[in-house]
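Chains A and B supply the protein sequences, listed in that same order.
Heads up: the first sequence is residues 1 to 1390, going by the numbering used here.
Heads up: the second sequence is residues 1391 to 1475, going by the numbering used here.
Backbone N, C-alpha and C fix where the C-beta goes; we use that ideal spot for every residue, glycine too.
Every value quoted in this text rests on a predicted model; they were computed, and no experiment measured them.
Each remark here refers to the structure printed beneath this line.
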Amino acid sequence: MTGLTHSQTQIWIGQRLNPESPLYNMAFGFVFPVGLRPDMFCEAWRRVADGSDALRTRIGEHGGNATLQVAPTARRTEVIDFGERIDAVGDFRRWCRERCAHPLPLDGELIDSVLVRLGDDRTGWYLNQHHIVTDAWSTELLYRQVGAEYEALLEGDSGARSVLSPYYATAAAVPSRAAERTAALAHWRVRYAHREGSARVVPLYGRRAEPVDTPSTRLTLELGAERSRALDRLARQDGFVSLSDDLSRFALFATLLVSWLHRISGRTDLGFDAPVAGRPTPEAKRALGVFIEMFPFAASIEPKDTFRTLGARCLEEALLFLRHALPGMSAPSVATASNVVLNYFPAAFGMFAGVPVEADWVHPGHGDSVHALRLQVHDFSGSGRYVLHFDFNDGVLPTRLQHRGAEHFEKLLEALLDDPDRPIASVDVLVEDERRALASLNATAASPLPERSVVAMFQAQAHLDPDRVALRQGDSELSFGAVLEESEALAASLEERGVEPGDRVAIVSKRSALAVIAILATLRARAAYVPIEPFVPQARLDQVLRDSGAHVLLVGENSARTTTVPELAVLSIAAGIRAGAGAALDRPGPEIDELAYLMYTSGSTGRPKGVLIEHGGLADYLNWASRNYVRGDRLSFPLFTSLTFDLTVTSLFLPLITGGTLEIYPEPDGAVDTALRDVVSANAVDFIKLTPSHLSLLRRLGLAGSRIRRMVVGGENLTTHLAAAVSEDLDDRIEIYNEYGPTEAVVGCVAHRYDPEADTDASVPIGVPADHVAIDILNEALTPAPEGVPGELWISRFGLARGYHGLEELTAERFQPSSDGTAELRYRTGDRVRMVSPTKLEYLGRLDRQLKVSGMRVEPGEIEAALLSLPRVDQCIVLPRRRRAPALEARGEIRSCVRCGLPSNYPRAVFDQEGVCSVCRSYESVEDHAQAYFKTMDDLRAVFDESAHTNESSYDCMMLYSGGKDSTYALCQLVEMGLSVYAFTLDNGFISDGAKQNITKVTGELGVPVEVAKTPAMNAIFRDSLMRFANVCNGCFKTIYTLSMTRARELSIPIIVTGLSRGQMFETRLTEEMFEGGRRSPEEIDSAVLAARKLYHRVTDEVTRSLDVTAFEDDRIFAEVQFVDFYRYHDVGLDEMLSYLRREVPWVRPEDTGRSTNCLINDVGIYVHKKERGYHNYALPYSWDVRLGHKTREGALDELNDAIDVSYVEKTLAEIGYDEQRVGADVDQTSLEAFYVASGDVADEELRRQLAEQLPPQLIPAHLQRVDTIPLTPSGKVDEKALSREAFAGRPEKPYRAPEGPVEEYLALVWQEELDTDGVGAHDSFFELGGTSLTAMQVMLRLCQEFDIDLPLETMFSHPKLTELARIAEDKILTDVADVRAADPTTPAR
Amino acid sequence: MTASDVERRILTFIRSELVSSDVSINPDDELLSGAILDSMGVVRLAAFVQEEYQFKMQPADFMIENFRSVAVLAHFVRKGTSTGQ
């Protein structure tokens, strides 16, 4: 016996997954308006069923595989009698459903036929078959055959009339041409590959849940005669009509389904699965059994599509679908199956022996769990009326949304019938209860509108309680009375300077009491304040001053800011207060409809746009925030965020109008605003408003013992993970509000109080509209989006922004009249949101290209415009770069090399049977040759003698001195040699006290001058180093090298001596392969090391950005200052070194670092490295120390296993401003990456410098990547995905070409191993894939060894592309062969 | 290429690939309404003639009218190839 057919196998698998579920019952309840004769019916059934191998099938199981048996006879028809019942037909229907709710076990009878007498003139027939032996075609054929036999029996015909084909033989013999199969395979491969991306699951009403269970609800929509006829007519119209009515109708229903899926998911790339009969031949058409197969149907929808234009595409797809749906070609799997099925049945159950029938398809209450929806379309009764069944899996949509789904479908169907040329996006599908829900959400007018401006509210507080402290900064305080007095005085000075109501006053000041007074004074003078960052580039300052048309520039204390903008008075705030003291201001305060502030946000056109906010909006927001957040309490608020950020408005004004206190935390003079740290250490506030990024940092800084009880989070997406963690930190004694609001809609306009119990989705909802705010969620055709479906948020509110200053067109575009016909404007936010429940909004991100970087709104267009303004940049695009997913910590037991202790979680560590690692083995084989690289003290003496000839400095050398044992010992030895030494130390801010004392004492004792260098950029360098290498040492080392070389050159010192141990030399400069076979002379190795050092200094990173690296632009510095590694010339054991140090100098082993290091930030690097890379960053260097006898294996293992104080690490990370959540992933991290096409030579540094002249630091892309071209999609848009992918993988945009030939293939293999990556192509460039100079040399060594050629190790630095390098190697191989041939005439020439 | 050549090739394809060889069809038989071919068969037939005679059918050519019978289809194919599509 043969096995199951292709179609049967799919069903068998599905049933095995859900053994108890009746999901494959294909049951019908037929009612005939006559009394059929049971005896004849049973005989007719017997004739047909016994003649069908499919219906006699039973399926067993053996060893996990299905086994097939075909019984000699089929199950008989049962006969029962409902004739005496009052509602016989109704009872029959109910009985059918009940009977159908039980599965037909695979190894039992797979069919169930029951004839039910429903009275004298009515008969019911219940026919249920397991899908594994039937499909719709088969059911209809069975029905017809039984009818024919019954009719024959009635007429006295005794012979069977069945002309059925056998199932299994027919299914096995279905023909198709090889060429057709090849084309079909290609078609389905593309369709299935598409599914493996995101297109598999269409989120119905935003529900992404994958059903796991089979219970399903059937909702039925009967179209009725009129709408069915209209559909049929439409199916014959131009654009819809095709080869056959069935095909046209199928395409039409597909069009409707795609339209509906689009409208209820917001997706444009859509698809579903549909069955194909699979009966191409007359034989197959005459066989009972299952032939259908499911194939994928793909459709995409464009914003402008009408039903007709989409219909044309669906028809095209339907033609391809049918053409390629050859039997046996489907490859359904859970990974590629759509969650939506369209089942269009063209067949109808006709007359049964001349008797009409009423056919009811009985739903078993279950369906395949892969399918969230099966849309069944049929007219089984052949009445010309379509019946639509929506079989919804109950695990996906709640009942409410199931019903709404069917209603929305009906709305679209009616729109199609009404006007097929109507844009699909413009059909309003909302039903009545949705409209009611939206209306009640927007019923926010209960509280009174504001009557007083913020100035009046502040004055009221000041009169009420003049002595209460209003502002506090450190030790100094200002009372409400004093603030009022000084702001009145400054306002008088402004009036004196000619400031009129409606004018703008720019304020550039650090956060201070003066800045607050300046803002109040400006408002009091009825002018609008224009806040400007205190440290913006001059060009930006001038631009904002010019754009805003400011009349006066108020500058804060110690600010020497001035401007070239003509006719602009510059006034010091303090001087203004003094000048206006005692002067009376006649002018009353501002009216509610006057301008309060003008705030600039990033603009897409290349210049920032100024948002104009009136007093009404400001007061309305503050009133709401006061009611919602302050509730009559006197709270203390921190001022620690930028005054130019409208998030700050909340904390700035709330205390002034509610009688609270504003605690002021000024920004330091550096680039990084670290005031949050001061807020934490002062612990003086009850309320804080901040961004999620800030909040994450706040957590790291420590919330334990914090006074904060109310927290408003805004500016970017708040993850539930973060909110829950904060709530837990504070034992749930904290109110966390997630507040949403674009600057244009005044600070905050939608808010939600976080509920740890209820809020469990990934993001905390943004909640409900604030007072006097109404929202709409609209699609691109400005039609409302149903619940759960993403759309753009439109906001109307009292005091909505007046618009953009001087940008009428943009204002008209973003602020449009409401659809309700009132004059009220609503603001188009550009934000994607959806209703997650009838009463909760969720923020989903930006619709346009605008990004949020650390809470700042950033328009890539603005940065692009700046880049394009640079002389050599021809083309560019700025894209967000998302945080790389952190690597998981290595699992499993960790072994260590029995010799050196290298742990098995070190990448590419391989252990042999004896437990020795590959590095030890490899070193063992080259140890003798490596020894030749090391030299003697005489050699060192020679180096100094040589340099003495030309040395103009009073020092023989500079010693890089860390205070550790190695460099101390080396320093002593140099002094003993009689050399004049200049010691150089980097204070990275984390040097242990013990090490510091050693440095002072030892240099004092030796009489050596010591310079301790520092850089304000150190923390930025640590952050960068952590981002790039997941450690702190790389950044620190490069800083030392950069600063010391520059300094040595200044002092004309020709030699820098390092105290690198031999282990560190191997870790950072050498590899064991360099010594392979002793082929390379020490000079060759030195030349390679030098080349690597040049490259090292020219790789762009935070060091090259922050430090002066102009000296490294050419090669001279490398000739003028040479490096000498002391321990290359001197070998000393650990014990001897320590006893020397004890004997000769006042050196004490530092005890405050907990390990053999001088640096307190080391643990941070180790912690991050282990977390992100899965292993200890000291694993390799320590193994070298052991290998070279400078550390014992046990000592190394002890240090590698040291416990790390996580709270110290977290505190330190917060201190250096590195967001450890990068690892924990509770904040969406985005940085900016610019891709540009340039002509001629452009250095990244130069671009960065030029950009810094135009843009604030937050807008300068973290990554600048030069490309040859910007890749485009087929439709001519920038292929952002391709670029992002390249960026993510660190690859250039070149098309992939597989490596060809032995050299390229070998190289690709080696790169993959060395770089721990895969898919290396011929166009890839080594350094762009993350290669370092050391790995580059490693690759060169392996290449030379493999092909037995000699190439300079530095070849890769000049030829980093795989093809180039391979070509050079090939040339070398060829010339070597030619040389051999020339030297040996016996080699035959070709 | 004569009309009868084209008809013959189409008939051969239908007999060998779309219906069983024992079914008899004549050039003038109704293909679709006569239940000789289902929609899928017609689509495959359309693919076959395009491939065989190297021309491309436009979406609007997928009309029942062009596939009514083998004779009609052959006529359509000759027209399609002569316009140099």
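How would you list, in chain order, the residues of chain B whose beta-carbon sits under 7 Å from the beta-carbon of residue 316 (chain A)? The contacting residues are 1449.
If we count the other Cβ atoms within 10 Å of its Cβ and call it buried at 16 or more, is residue 740 (chain A) buried or exposed? Buried, since its Cβ has 16 or more Cβ neighbours within 10 Å.
Check the Cβ of residue 247 (chain A) against every Cβ in chain B and list those closer than 7 Å, keeping chain order. Neighbours of residue 247 (chain A) on chain B, chain order: 1429.
At the 8 Å Cβ level, is residue 1454 (chain B) part of the contact set with chain A, yes or no? Yes, because at least one Cβ of chain A sits closer than 8 Å to the Cβ of residue 1454 (chain B).
For residue 115 (chain A) and residue 790 (chain A), what's the separation of their Cα atoms in angstroms? So the alpha carbons of these two residues sit roughly 51 Å apart.
Three Cβ pairs or more, each shorter than 8 Å: is that satisfied between the region 10 to 29 of chain A and the region 102 to 122 of chain A? With three or more CB-CB distances shorter than 8 Å, the region 10 to 29 of chain A counts as touching the region 102 to 122 of chain A.
Could you tell me whether the Cβ of residue 1525 (chain B) comes closer than 8 Å to any Cβ of chain A? Examination of residue 1525 (chain B) is not possible in this model, given that chain B is present from 1391 through 1475 alone.
I'd like to know whether the C-beta of residue 7 (chain A) is nearer than 8 Å to at least one C-beta of chain B. By this cut-off, residue 7 (chain A) is not an interface position.
Would you mind giving the Cβ-Cβ distance between residue 23 (chain A) and residue 214 (chain A), rounded to the nearest angstrom? I have them listed as a contact below 8 Å. Residue 214 (chain A) and residue 23 (chain A) do touch by the CB rule: their CB atoms are close to 5 Å apart, below 8 Å.
Does the distance from the CB of residue 32 (chain A) to the CB of residue 355 (chain A) come in under 8 Å? Closer than 8 Å, so yes.
Taking 8 Å as the cut-off, decide whether the C-beta atoms of residue 1405 (chain A) and residue 744 (chain A) are in contact. One cannot answer for residue 1405 (chain A) here, as it falls past the ends of chain A, which runs 1 to 1390.
Under the assumption that residue 1326 (chain A) contacts residue 1270 (chain A) (Cβ atoms under 8 Å), give the Cβ distance between them as a whole number of angstroms. In fact, because the Cβ distance is near 23 Å, the residues do not count as touching under 8 Å.
Cut-off 6 Å between Cβ atoms - residues of its own chain near residue 530 (chain A), not counting five sequence neighbours on either side: Counting only Cβ-Cβ distances below 6 Å, and skipping sequence neighbours, we find 504, 506, 548, 550, 598.
Need the endpoints of the beta strand (DSSP E) that residue 599 (chain A) sits in, please. Segment 595 to 601, the beta strand (DSSP E) holding residue 599 (chain A).
Which residues in chain B sit within 7 Å of residue 70 (chain A), going by Cβ to Cβ distance? Those do not exist, as residue 70 (chain A) stays about 23 Å from chain B at its closest Cβ, beyond 7 Å.
In three-state DSSP terms, what is residue 551 (chain A)? Residue 551 (chain A): coil per DSSP, three-state reduction.
Taking 8 Å as the limit between beta carbons, can you name the residues of its chain near residue 644 (chain A), skipping five residues before and five after? Result list for residue 644 (chain A): 531, 532, 533, 599, 600, in chain order.
Note down, in chain order, all residues in the region 286 to 303 of chain A with a beta-carbon under 9 Å from any beta-carbon belonging to chain B. Close to chain B, meaning a Cβ-Cβ distance shorter than 9 Å, is no residue of the region 286 to 303 of chain A at all.
Neighbouring residues, chain B, relative to residue 312 (chain A) (Cβ below 9 Å): Under the 9 Å cutoff, chain B gives 1449.
Can you check the region 85 to 120 of chain A for any beta strand (DSSP E) of at least 3 residues that lies completely inside it and give the ranges in chain order? You should have 111 to 117.
Have a look at the DSSP bridge pairing and note the partners of residue 816 (chain A). Answer by DSSP bridge pairing, in chain order: A:826.
By DSSP's criteria, residue 565 (chain A) is part of a beta bridge. Which residues make up the other side? None, per the DSSP bridge assignment.
Three or more C-beta pairs below 8 Å linking the region 199 to 208 of chain A and the region 387 to 406 of chain A: Enough Cβ pairs lie closer than 8 Å, so yes.
Measure the Cβ-Cβ separation of residue 216 (chain A) and residue 367 (chain A) and say whether it is below 8 Å. Yes. Within cutoff.
Measure from the C-beta of residue 1407 (chain B) to each C-beta in chain A and report whether the shortest distance is under 8 Å. Judged by the 8 Å Cβ criterion, residue 1407 (chain B) is in contact with chain A.
Residues in its own chain within less than 6 Å of residue 252 (chain A) by CB, not counting five upstream and five downstream? Cβ-Cβ distances below 6 Å link residue 252 (chain A) to 235, 240 in the same chain, with the five nearest sequence neighbours on each side left out; the list follows chain order.
Please tell me whether residue 665 (chain A) and residue 436 (chain A) are closer than 8 Å, where the distance is taken between their beta carbons. With respect to the 8 Å criterion, residue 665 (chain A) and residue 436 (chain A) are not classified as neighbours on the basis of their beta carbons.
Can you confirm whether the region 280 to 288 of chain A touches the region 250 to 268 of chain A when touching is taken to mean that 3 or more C-beta pairs between the two stretches lie within less than 8 Å? At 8 Å Cβ cutoff, the stretches do not touch.
My understanding is that residue 776 (chain A) touches residue 834 (chain A), with C-beta atoms under 8 Å, so please give their C-beta distance in whole angstroms. Contact annotation, residue 776 (chain A) with residue 834 (chain A): C-beta distance approximately 12 Å; criterion of less than 8 Å not satisfied.
With a threshold of 6 Å on Cβ separation, who are the neighbours of residue 764 (chain A) within its own chain once the five nearest residues in sequence on each side are excluded? Within the same chain, residue 764 (chain A) has close Cβ partners 718, 720, 723, 738, 754.
Need the endpoints of the beta strand (DSSP E) that residue 237 (chain A) sits in, please. For residue 237 (chain A), no beta strand (DSSP E) encloses it, and the DSSP letter there is neither H nor E.
Consult DSSP for residue 1438 (chain B) and reduce its assignment to one of helix, strand or coil. Note: residue 1438 (chain B) maps to helix in three-state DSSP.
Does the beta-carbon of residue 891 (chain A) have 16 or more other beta-carbons within 10 angstroms, so that it is buried, or is it exposed? Low local confidence applies: a pLDDT of 42 at residue 891 (chain A) is under 50, so the model's placement there is unreliable, and no value is given.
Among A:703, A:752, A:746, whose alpha-carbon lies nearest the alpha-carbon of residue 731 (chain A)? The option with the nearest alpha carbon to residue 731 (chain A) is A:703.
Buried or exposed: which applies to residue 910 (chain A), given that a residue is buried once 16 or more other Cβ atoms fall within 10 Å of its Cβ? Residue 910 (chain A) comes out exposed.
Chain-ordered chain A contacts of residue 1432 (chain B) [CB-CB under 9 Å]: Under the 9 Å cutoff, chain A gives 243, 244, 247, 322.
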